[in-house]
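Peer 1: The structure's right below; bear with me while I get my questions together.
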């Protein structure tokens with residue numbers, strides 16, 4: 001019995017011994033603790049001193065240095081205030097030197113009294129002065145010491161004429177010369193402070209440059225009204241002209257298209273017409289922009305089904321189109337109009353020959369046969385001659401003479417679409433005005449782009465700034481400074497050349513591909529990429545580090561208690 005009792009108690013005793021042994025885990029030896037500590041430290045040392053620098057180097061974004069403050073100052077107009085000093089030469093071969101000098105002084109005083117826009121002023125100079133300068137090939141002047149002088153805006157030739165009672169002015173339509181005819185009795189007397197001839201010349205010059213001055217004031221003032229003396233109707237016409245014109249480009253593509261709803265006309269003397277009626281104008285625009293020309297003929301070009309058809313007007317005995325329907329006249333969905341070719345914009349000019357059954361065709365409100373599509377091109381309705389209409393068919397071929405009205409209209413439309421002022425009557429003077437307007441527009445546009453780029457780089461610190469952007473910004477700022485200097489010195493052709501470079505470089509820096517791509521990559525995307533990769537690795541390392549820190553702190557406290 002005693003043996004059985006001992007056997008029954010032996011399993012319980014064994015279980016108690018196993019539990020006691022399990023609860024009493026032997027402590028780690030110092031070597032194991034030291035090994036674990038060195039492993040954790042080694043992992044974190046590799047991460048901190050090797051992994052993190054490599055990650056930082058390979059993922060860091062290069063941001064080249066940009067002169068942010070200079071860019072903002074240009075955008076705010078603090079660096080440069082454009083001025084337009086126009087040098088006008090006065091030649092008075094029939095006057096004595098003292099009389100011509102007095103005429104010059106009194107006319108300049110009269111001009112200064114009439115001028116209310118200080119940024120645009122006229123400076124008079126006698127051409128028969130002893131310090132007369134020679135003109136260079138580009139129209140600017142070279143002084144005796146070799147320095148380039150200002151461009152000559154206008155030459156005023158003062159001529160005495162016996163049969164006159166009051167002065168008269170005649171502007172040459174194809175040159176930059178103004179003839180002022182005056183009676184000999186109005187030769188300025190040195191004792192007179194405000195001679196009538198000086199007042200007449202000053203008022204005539206003020207009238208010639210009135211539209212240019214108002215346009216420049218409108219551009220420089222932005223959305224605000226330019227000059228207080230300009231009537232609202234004139235200011236609105238200037239604003240409308242600027243809205244209709246194309247943005248400046250180094251090269252424009254001109255596309256001339258012949259459309260007809262039938263099979264005739266199927267050919268036209270387009271090359272001869274372009275050479276005769278358009279090439280002189282394009283050559284005159286050479287200092288401002290270049291042009292390429294392409295043509296096409298499209299037969300069976302029908303109206304858009306969404307466009308209202310022309311309506312026959314018995315009073316006019318013609319088919320008429322309403323003004324509000326002109327925007328839908330061009331069937332852009334079916335007519336093969338040329339899109340933009342290359343980098344430059346395309347100006348489309350459509351010559352539409354209506355079917356004899358719908359001829360003649362005109363605009364109902366003003367009986368016009370042409371109209372402009374703002375910032376796009378122009379349309380001309382070439383009605384077939386009556387002899388062809390009576391036969392019920394259009395002519396098979398359009399000769400150069402028959403194309404003359406259309407191309408005269410296209411030339412006028414081209415001037416309007418390029419932003420050319422409507423006055424004065426001299427085309428060279430209007431093109432000079434366009435040069436100054438384009439220079440001012442490009443200067444403000446490039447400056448505004450610099451400000452936008454500066455704000456973009458400051459608001460988005462995560463986007464890269466490559467060295468090419470820094471180089472473009474530096475080039476832009478230097479050419480902006482050169483443009484401002486050329487404007488101040490009256491060298492407007494040079495100002496336009498440098499402003500074109502500044503605008504091109506500013507656009508290149510702002511639309512850099514590498515910068516644009518990073519704009520749409522926010523920080524949330526980076527977290528979504530790194531978290532699945534670093535989570536499984538980081539959690540064990542962080543837990544091990546926390547345990548080691550707790551062990552060190554516990555040991556430190558135990559040693560303090562033992563010492564106490």
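In full-length UniProt numbering, the protein residues as written are 1 to 564.
Ideal placement from N, C-alpha and C gives every residue a C-beta, glycine not left out.
Given a threshold of 16 other Cβ atoms within 10 Å of its Cβ, counted over all protein chains shown, does residue 275 qualify as buried or as exposed?
Peer 2: Taking the first residue of the chain shown as position 1, residue 275 is located at position 275. Burial call: exposed.
Peer 1: Quick check: is the beta carbon of residue 193 nearer than 8 Å to any beta carbon in chain E?
Peer 2: Chain labels in this structure do not include chain E; a single protein chain is all it has.
Peer 1: May I have the straight-line CA-CA distance separating residue 304 from residue 430, to the nearest angstrom?
Peer 2: Locating residue 304 in the chain shown gives position 304, where the first residue counts as 1. Locating residue 430 in the chain shown gives position 430, where the first residue counts as 1. Distance between the alpha carbons of residue 304 and residue 430: 38 Å.
Peer 1: For a quick check, are the C-beta atoms of residue 172 and residue 127 less than 8 Å apart?
Peer 2: Position 172 of the chain shown, counting from 1, holds the residue named residue 172. Position 127 of the chain shown, counting from 1, holds the residue named residue 127. Not closer than 8 Å, so no.
Peer 1: Find the nearest neighbour of residue 188 within the set 297, 515, 534, 105, judged by alpha-carbon distance.
Peer 2: The residue labelled residue 188 in the question sits at position 188 within the chain shown. Comparing Cα positions, the closest option is 105.
Peer 1: For residue 85, report the span of its beta strand (DSSP E) as first-last.
Peer 2: Position 85 of the chain shown, counting from 1, holds the residue named residue 85. Here the beta strand (DSSP E) through residue 85 covers 84-91.
Peer 1: Do residue 102 and residue 268 have their CB atoms nearer than 8 Å?
Peer 2: The residue labelled residue 102 in the question sits at position 102 within the chain shown. The residue labelled residue 268 in the question sits at position 268 within the chain shown. Against a cut-off of 8 Å, the Cβ pair of residue 268 and residue 102 comes out as no contact.
Peer 1: Roughly how many angstroms separate the alpha carbons of residue 261 and residue 310, rounded to a whole number?
Peer 2: Walking along the chain shown from the start, residue 261 turns up at place 261. Walking along the chain shown from the start, residue 310 turns up at place 310. If you take the alpha carbons of residue 261 and residue 310, they lie about 13 Å apart.
Peer 1: Can you tell me whether residue 548 is helix, strand or coil according to DSSP?
Peer 2: Within the chain shown, the letter at position 548 stands for residue 548. Three-state result, residue 548: helix.
Peer 1: Please classify residue 494: is it buried, with 16 or more other beta-carbons within 10 angstroms of its beta-carbon, or exposed?
Peer 2: As a first step, residue 494 must be located in the chain shown, where it is residue number 494. Counting Cβ neighbours within 10 Å, residue 494 comes out buried, since at least 16 surround it.
Peer 1: Identify whether residue 151 lies in helix, strand or coil by the three-state DSSP scheme.
Peer 2: Working through the chain shown from its first residue, we reach residue 151 at position 151. In the structure shown, residue 151 sits in coil (DSSP, three-state: anything other than H, G, I, E or B).
Peer 1: Tell me the DSSP secondary structure of residue 348 in three-state form.
Peer 2: Position 348 of the chain shown, counted from the start, is the residue given in the question as residue 348. Residue state, collapsed to three classes: strand.
Peer 1: Three Cβ pairs or more, each shorter than 8 Å: is that satisfied between the stretch 526-545 and the stretch 477-488?
Peer 2: No, they do not touch.
Peer 1: Can you give me the start and stop residues for the beta strand (DSSP E) that residue 361 sits inside?
Peer 2: What you label residue 361 is simply residue 361 of the chain shown in a count that begins at 1. Counting along the chain, the beta strand (DSSP E) containing residue 361 begins and ends at 361-363.
Peer 1: With distances taken Cα to Cα, identify the nearest neighbour of residue 98 among 383, 192, 528.
Peer 2: Counted from its first residue, the chain shown places residue 98 at position 98. Per the Cα distances, 192.
Peer 1: Name the two residues that bound the continuous alpha helix (DSSP H) containing residue 217.
Peer 2: Locating residue 217 in the chain shown gives position 217, where the first residue counts as 1. Its alpha helix (DSSP H) spans residues 210-221.
Peer 1: Measuring only the C-alpha atoms, how far is residue 489 from residue 259?
Peer 2: Within the chain shown, numbered from 1, the residue matching residue 489 stands at position 489. Within the chain shown, numbered from 1, the residue matching residue 259 stands at position 259. Distance between the alpha carbons of residue 489 and residue 259: 49 Å.
Peer 1: Which residues in the same chain have their Cβ closer than 6 Å to the Cβ of residue 132, if we skip the five residues on either side of it in sequence?
Peer 2: Taking the chain shown and counting its residues from 1, the one referred to as residue 132 is at position 132. Per-residue confidence for residue 132 stands at a pLDDT of 43, beneath the threshold of 50, marking its modelled position as unreliable; the derived number appears in the next sentence. No residues qualify anywhere along the chain.
Peer 1: Beta-carbon separation of residue 499 and residue 446 under 8 Å?
Peer 2: Position 499 of the chain shown, counting from 1, holds the residue named residue 499. Position 446 of the chain shown, counting from 1, holds the residue named residue 446. In this structure, residue 446 lies closer than 8 Å to residue 499 by Cβ.
Peer 1: How big is the Cα-Cα spacing for residue 435 and residue 368?
Peer 2: Residue mapping note: residue 435 aligns to position 435 of the chain shown, counting from 1. Residue mapping note: residue 368 aligns to position 368 of the chain shown, counting from 1. In a straight line, the C-alpha of residue 435 is about 31 Å away from that of residue 368.
Peer 1: Within this structure, are the beta carbons of residue 380 and residue 370 separated by less than 8 Å?
Peer 2: The residue you call residue 380 lines up with position 380 of the chain shown. The residue you call residue 370 lines up with position 370 of the chain shown. In this structure, residue 370 lies closer than 8 Å to residue 380 by Cβ.
Peer 1: Take residue 237 as the anchor and find which of 181, 218, 299, 253 has the nearest alpha-carbon.
Peer 2: Numbered from 1 along the chain shown, position 237 holds the residue referred to as residue 237. It is 218 whose Cα lies nearest to the Cα of residue 237.
Peer 1: Determine the contact status of residue 480 and residue 443, defining contact as a CB-CB distance below 8 Å.
Peer 2: As a position in the chain shown, residue 480 is number 480, starting the count at 1. As a position in the chain shown, residue 443 is number 443, starting the count at 1. Yes, these two residues count as a Cβ contact at 8 Å.
Peer 1: Could you pull out every residue in the same chain whose Cβ sits closer than 6 Å to the Cβ of residue 94, ignoring the five residues on either side in sequence?
Peer 2: Here residue 94 refers to the residue found at position 94 when the chain shown is read from its first residue. Excluding positions up to five away in sequence, the list reads 160.
Peer 1: Give the straight-line distance between the Cα atoms of residue 168 and residue 203, rounded to the nearest whole angstrom.
Peer 2: Sequence index remark: in the chain shown, residue 168 carries index 168 (1-based). Sequence index remark: in the chain shown, residue 203 carries index 203 (1-based). If I take the Cα positions, the gap works out to 12 Å.
Peer 1: Assign residue 559 to one of three DSSP states: helix, strand, or coil.
Peer 2: Start at 1 with the first residue of the chain shown, and residue 559 comes out as number 559. DSSP places residue 559 in helix when its eight states are reduced to three.
Peer 1: Check residue 418 in the structure and name its three-state DSSP category.
Peer 2: Taking the first residue of the chain shown as 1, we reach residue 418 at position 418. Residue 418: coil per DSSP, three-state reduction.
Peer 1: Here's the rule I'm using: 16 or more other beta-carbon atoms within 10 Å means buried, otherwise exposed. How should residue 556 be labelled?
Peer 2: In the chain shown, the residue the question calls residue 556 occupies position 556. Residue 556 should be labelled exposed.
Peer 1: Please tell me whether residue 115 and residue 255 are closer than 8 Å, where the distance is taken between their beta carbons.
Peer 2: Here residue 115 is taken as the residue at index 115 of the chain shown, counted from 1. Here residue 255 is taken as the residue at index 255 of the chain shown, counted from 1. For residue 115 and residue 255, no; Cβs fall outside 8 Å.
Peer 1: Alpha carbon to alpha carbon, how far is residue 505 from residue 470? Give it in angstroms, no decimals.
Peer 2: In the chain shown, counting from the first residue as 1, residue 470 sits at position 470. In the chain shown, counting from the first residue as 1, residue 505 sits at position 505. Cα-Cα distance, rounded: 10 Å.
Peer 1: Counting C-beta neighbours from all protein chains within 10 Å, is the total for residue 300 16 or more, i.e. buried, or is it exposed?
Peer 2: Mapped onto the chain shown, residue 300 falls at position 300. Residue 300 comes out exposed.
Peer 1: Is the CB-CB distance between residue 534 and residue 44 below 8 Å?
Peer 2: Sequence index remark: in the chain shown, residue 534 carries index 534 (1-based). Sequence index remark: in the chain shown, residue 44 carries index 44 (1-based). No, the pair does not count as a contact, with Cβ atoms beyond the cut-off.
Peer 1: Do you know whose CA, among 476, 280, 463, 176, lies nearest residue 62's CA?
Peer 2: Taking the chain shown and counting its residues from 1, the one referred to as residue 62 is at position 62. Of the candidates 476, 280, 463, 176, the one whose C-alpha sits nearest the C-alpha of residue 62 is 463.
Peer 1: What beta strand (DSSP E) runs, 3 residues minimum, are completely inside the stretch 227-291?
Peer 2: Listed in chain order, the complete beta strand (DSSP E) runs (minimum 3 residues) inside the stretch 227-291 are 251-259.
Peer 1: Determine, using beta carbons only, whether residue 336 and residue 298 come nearer to each other than 8 Å.
Peer 2: Position 336 of the chain shown, counted from the start, is the residue given in the question as residue 336. Position 298 of the chain shown, counted from the start, is the residue given in the question as residue 298. In contact: residue 336 and residue 298 (Cβ atoms closer than 8 Å).
Peer 1: So what does DSSP say about residue 444, is it helix, strand or coil?
Peer 2: Taking the chain shown and counting its residues from 1, the one referred to as residue 444 is at position 444. Here residue 444 sits in helix by DSSP.
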